[in-house]
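In the numbering used here, each number is its position in the sequence shown, counted from 1, plus 487.
Backbone N, C-alpha and C fix where the C-beta goes; we use that ideal spot for every residue, glycine too.
None of these values were measured; they are calculated from a predicted model.
Quick notes on the structure that follows.
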Amino acid sequence: MTIKILMPALSPTMTEGNLVTWHKKEGDQVKSGDVLAEIETDKATMEVEAADEGILGKILIPEGTQAVPVNQVIALLLEEGEDKSALDKDINSSNSVKTEKAKSLDAKESSGQDKKAVAQNNVSNTTVQPKLISDQDSKYRTFISPLAKRIAQNSNIDLTTVIGTGPNGRIVKADVEKHLGVDGGNITQTQSNSKPEVKGIVNQLDYPPYKEIPHTAMRKIIARRLLQAKQEAPHFYLKIDCDLDALLKLRAELNTRAELKLSVNDFIIKAAALALHKVPEANASWTDEAVHLYQRADIAVAVAIPGGLITPIIKNAGSKGLGTISQEMKDLANRAREGKLKPEEFQGGTFSLSNLGMYGIREFSAIINPPQGAILAVGMGEQRPVVKAGALSIATQMSCTLSVDHRVIDGAVGAEFFAAFKKLIEDPLILML
488 MTIKILMPAL
498 SPTMTEGNLV
508 TWHKKEGDQV
518 KSGDVLAEIE
528 TDKATMEVEA
538 ADEGILGKIL
548 IPEGTQAVPV
558 NQVIALLLEE
568 GEDKSALDKD
578 INSSNSVKTE
588 KAKSLDAKES
598 SGQDKKAVAQ
608 NNVSNTTVQP
618 KLISDQDSKY
628 RTFISPLAKR
638 IAQNSNIDLT
648 TVIGTGPNGR
658 IVKADVEKHL
668 GVDGGNITQT
678 QSNSKPEVKG
688 IVNQLDYPPY
698 KEIPHTAMRK
708 IIARRLLQAK
718 QEAPHFYLKI
728 DCDLDALLKL
738 RAELNTRAEL
748 KLSVNDFIIK
758 AAALALHKVP
768 EANASWTDEA
778 VHLYQRADIA
788 VAVAIPGGLI
798 TPIIKNAGSK
808 GLGTISQEMK
818 DLANRAREGK
828 LKPEEFQGGT
838 FSLSNLGMYG
848 IREFSAIINP
858 PQGAILAVGM
868 GEQRPVVKAG
878 ALSIATQMSC
888 TLSVDHRVID
898 GAVGAEFFAA
908 FKKLIEDPLI
918 LML
């Protein structure tokens with residue numbers, strides 16, 4: 488009996504993944520621990536190791552395939568003594584399961600008077616794989632229900648402009664109707680009349696030639712989560728300026744004595760964590776049932792990577808020294824850019840930090856990373872005129888903005904956090920204790 492190799496669940500929330508590449512080909516000997524393939528989740532690309540030994544008998548899902556459901560059979564492994572004849576039964580069984588799942592999913596997406604139309608579409612889907620939205624690039628695909636696809640085709644809708652709200656971003660009938668401006672499935676007179684106007688406007692615009700870049704899984708997740716944050720979390724913002732001169736002086740002294748080169752960001756991570764310890768009400772997240780107050784400050788730090796961003800986490804940052812934070816942050820950032828982070832290294836976090844100071848940004852407001860209750864946006868340090876003890880002087884100032892979910896953190900709590908943070912930044916020796 489062959490051994491089925493399944494699409495693994497690489498995180499608690501993963502429901503599907505992209506099969507990036509196979510490291511073995513059919514007929515290759517496989518030993519336990521060998522790297523079989525690379526799987527791309529919404530945040531990282533991870534290697535999948537073999538748990539059993541044998542010969543890779545059949546690859547069922549070719550590399551480059553996207554949105555492969557978790558637990559779908561992706562390959563079959565022949566045990567010792569088995570030949571290829573053992574594959575036939577399992578291959579047929581796998582294909583049968585996939586067809587039944589596809590029929591079930593499509594049937595669930597429609598109801599009422601639309602059932603007949605959906606059923607008609609399902610007849611063809613039992614033998615035809617879902618088509619790619621972009622014929623020019625078979626690497627990317629968009630999932631859409633048959634009914635939604637038919638409506639989109641009849642209305643000449645560019646599907647890349649439609650946001651799917653179904654399972655795993657699948658475009659369903661309601662998404663297309665929303666895009667058309669349809670209310671409750673009935674096109675109003677005004678909305679119906681607006682369709683040709685929209686097309687006319689688009690046609691009248693003289694867009695220059697452009698390159699179409701289909702959304703990656705990461706970009707879709709980023710878009711969905713940020714939209715969720717802006718729609719559901721009532722943001723308010725607090726701003727403060729911190730004097731950096733003492734911190735920069737301490738950093739310079741430490742960097743001359745140690746092999747590690749501490750960054751300003753390392754101090755900010757530590758200061759944010761300690762400030763959360765002092766004001767634990769700010770280290771919180773919102774759920775529909777309760778507010779979660781965390782007893783440990785796990786700082787998620789935004790890192791730009793090709794095609795998006797990711798937030799690797801410095802766990803329990805308040806208990807770690809600056810050197811440890813610096814080492815961990817460098818390692819996490821490097822592996823984030825290589826797509827090699829483990830799910831537990833970027834999922835979770837109790838508070839986020841985004842620093843654009845190195846890009847010359849003076850100040851900005853960041854969008855909360857749900858379900859966290861706040862995110863700290865840090866601008867660059869620069870010399871500014873300030874008044875100290877009644878006299879004008881020059882100091883290195885850093886502007887910070889705290890974006891807060893008012894459902895879970897009130898203004899006074901946010902202000903208390905900022906006061907504690909400012910004190911730590913301006914008196915950095917405390918960070919060494």
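Hey, how far is the Cα of residue i from the Cα of residue j?
i	j	result
residue 652	residue 663	10 Å
residue 866	residue 834	25 Å
residue 762	residue 512	53 Å
residue 539	residue 496	18 Å
residue 801	residue 894	25 Å
residue 888	residue 770	16 Å
residue 504	residue 826	14 Å
residue 658	residue 666	11 Å
residue 723	residue 515	58 Å
residue 595	residue 913	Confidence is the limiting factor: at residue 595 the pLDDT is only 45, short of 50, which leaves the residue's position unreliable, though a coordinate-based value still follows. Roughly 58 Å separates the two Cα atoms.
residue 836	residue 781	10 Å
residue 786	residue 569	51 Å
residue 493	residue 557	7 Å
residue 883	residue 851	18 Å
residue 847	residue 519	50 Å
residue 643	residue 818	48 Å
residue 922	residue 645	With the chain covering 488 to 920 only, the question about residue 922 has no answer from this structure.
residue 878	residue 896	37 Å
residue 874	residue 777	44 Å
residue 631	residue 915	54 Å
Starting from the C-beta of residue i, find all residues in its chain whose C-beta is less than 6 Å away, skip the five residues before and the five after it, and write them out in chain order.
i	result
residue 855	716, 720, 862, 890, 892
residue 885	729, 731, 868
residue 772	779, 858, 859, 860
residue 820	790
residue 768	900
residue 797	530, 790, 823, 833
residue 738	749
residue 714	none
Identify, in the order they occur along the chain, each residue of the same chain with its Cβ nearer than 8 Å to the Cβ of residue i, setting aside the five sequence neighbours on each side.
i	result
residue 573	488, 489, 544, 565
residue 532	507, 525, 526, 826, 827
residue 804	756, 757, 759, 760, 784, 785, 786, 812
residue 517	511, 523, 537, 539, 540, 541, 542, 543, 564
residue 555	494, 503, 504, 505, 506, 548, 561
residue 921	Since the first residue shown for the chain is 488 and the last is 920, residue 921 is missing from the structure and cannot be characterised.
For residue i, count the other beta carbons within 10 Å of its own beta carbon; 16 or more makes it buried, fewer makes it exposed. Which is it?
i	result
residue 730	buried
residue 534	exposed
residue 526	buried
residue 881	exposed
residue 920	exposed
residue 917	exposed
residue 790	buried
residue 911	buried
residue 757	buried
residue 929	Because residue 929 is not part of the residues shown, which for the chain are 488 to 920, the question remains open.
residue 864	buried
residue 502	exposed
residue 704	buried
residue 815	buried
residue 907	buried
residue 553	buried
Could you tell me whether any Cβ in chain D is nearer than 7 Å to the Cβ of residue i?
i	result
residue 552	Absent from the structure is chain D; it holds one protein chain and no more.
Please look up how many angstroms separate the CB atoms of residue i and residue j, rounded, as I've assumed it's under 8 Å.
i	j	result
residue 810	residue 745	7 Å
residue 506	residue 542	Rounded, the Cβ-Cβ distance is 20 Å, inconsistent with contact.
residue 843	residue 759	Not really, about 16 Å apart at Cβ, beyond 8 Å.
residue 475	residue 832	Because the chain spans 488 through 920 in this model, residue 475 falls outside it and cannot be assessed.
residue 695	residue 647	Rounded, the Cβ-Cβ distance is 18 Å, inconsistent with contact.
residue 575	residue 491	Their Cβ separation, rounded to whole angstroms, is 14 Å, which puts residue 575 and residue 491 out of contact at 8 Å.
residue 813	residue 775	Actually they do not touch by this definition, with Cβ atoms about 38 Å apart.
residue 795	residue 706	6 Å
Among the residues of its own chain, which have a CB less than 7 Å from the CB of residue i, if the five just before and after it don't count?
i	result
residue 650	662
residue 546	509, 513, 562
residue 748	742
residue 905	725, 727, 889
residue 903	766
residue 571	544
residue 764	784, 805
Ordered list of beta strand (DSSP E) runs contained in the segment 816 to 861, each at least 3 residues: The segment 816 to 861 is shown to contain whole beta strand (DSSP E) runs of 3 or more residues at 838 to 842, in chain order.
Runs of alpha helix (DSSP H) lying entirely within the segment 721 to 785, each at least 4 residues, in chain order: As far as the segment 721 to 785 is concerned, its whole alpha helix (DSSP H) runs of at least 4 residues are 732 to 744, 751 to 765.
Length-filtered (3 minimum) beta strand (DSSP E) runs lying within the segment 856 to 904: Within the segment 856 to 904, the complete beta strand (DSSP E) runs of at least 3 residues are 861 to 875, 878 to 892.
Whole beta strand (DSSP E) elements within the segment 498 to 526, 3-residue minimum: Listed in chain order, the beta strand (DSSP E) runs fully inside the segment 498 to 526 are 503 to 509, counting runs of at least 3 residues.
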